[in-house]
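In the working numbering, the protein residues as written are 287 to 449. Since the structure comes first, as structure tokens, the remarks are kept for the end.
Right, here's the structure in full:
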């Protein structure tokens with residue numbers, strides 16, 4: 287394998303990637319997280335318009351996810367602080383008990399936003415859990431993953447590298 291870890295320097299020590307010589311290009315990343323509810327909890331939430339005792343579940347999750355996107359560099363040591371240009375969330379029940387949260391982040395910069403999209407989707411899902419845990423602690427957050435990355439050296443769609 288010719289690829290090497292990008293956050294390791296020549297002496298094997300952790301290091302932030304130097305992006306100084308890179309060209310600023312449009313970069314987009316999309317990540318998702320799935321939340322599985324017990325059937326009775328899903329039915330209760332849907333009947334209550336996705337509101338819990340703590341308030342509007344999805345609105346709160348989107349706000350938390352957006353804040354997380356903007357603060358990713360404070361959470362993950364080698365992420366660069368980035369001037370996020372766009373952050374969007376989509377939520378959808380894909381079955382009676384499974385909610386998918388999708389986070390898309392865009393920027394014109396020298397580095398990508400995969401970690402920001404993954405962080406946004408993760409924190410939004412954790413917020414849903416927090417908002418709903420009074421109903422059950424058997425809610426499961428699953429399948430946090432990068433769906434798409436465009437811009438930079440290579441693009442990725444659902445886990446496959448694109449030329």
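Where a beta carbon is used, it is the ideal one built from N, C-alpha and C, also for glycine.
Mind checking whether residue i and residue j have CB atoms under 8 Å apart?
i           : j           : result
residue 389 : residue 375 : yes
residue 410 : residue 313 : no
residue 396 : residue 301 : no
residue 432 : residue 319 : no
Please identify the residue among the options whose C-alpha is closest to the C-alpha of residue i.
i           : options            : result
residue 394 : 412, 360, 436      : 436
residue 413 : 351, 313, 401      : 351
residue 382 : 330, 343, 319      : 330
residue 416 : 399, 317, 334, 347 : 347
residue 354 : 340, 343, 370, 334 : 370
residue 398 : 339, 425, 366, 295 : 366
residue 387 : 423, 362, 430      : 430
residue 406 : 438, 372, 421, 384 : 372
residue 424 : 326, 296, 294, 319 : 326
residue 324 : 422, 433, 434, 440 : 422
residue 441 : 419, 404, 400, 408 : 400
residue 408 : 335, 419, 328, 428 : 428
Mind checking which residues open and close the alpha helix (DSSP H) that includes residue i?
i           : result
residue 400 : 400 to 418
residue 345 : 343 to 356
Can you check whether the C-beta of residue i is within less than 8 Å of a C-beta belonging to chain B?
i           : result
residue 436 : Here chain B cannot be found, since the structure has a single protein chain.
So, is residue i buried or exposed, given that buried needs 16 or more other C-beta atoms within 10 angstroms?
i           : result
residue 470 : In the structure as shown, the chain starts at 287 and stops at 449, and residue 470 therefore has no counterpart that could be examined.
residue 287 : In this prediction, residue 287 has a pLDDT of 43, which is less than 50 and means its spatial position is unreliable; what the coordinates show is noted afterwards. Answer is exposed; the Cβ neighbour count stays below 16.
residue 364 : exposed
residue 298 : exposed
residue 443 : exposed
residue 290 : exposed
residue 362 : exposed
residue 296 : exposed
residue 341 : exposed
residue 438 : buried
residue 321 : buried
By the DSSP assignment, the beta strand (DSSP E) with residue i in it spans what residues?
i           : result
residue 365 : Residue 365 -> no beta strand (DSSP E), and no H or E assigned at all.
residue 395 : 384 to 395
residue 431 : 426 to 436
residue 296 : Per DSSP, residue 296 belongs to no beta strand (DSSP E) and is neither H nor E.
residue 378 : 372 to 379
residue 340 : Per DSSP, residue 340 belongs to no beta strand (DSSP E) and is neither H nor E.
residue 441 : 441 to 443
field: Secondary structure, alpha helix (DSSP H): runs of 4+ residues fully inside the region 300 to 333
entry: 325 to 333
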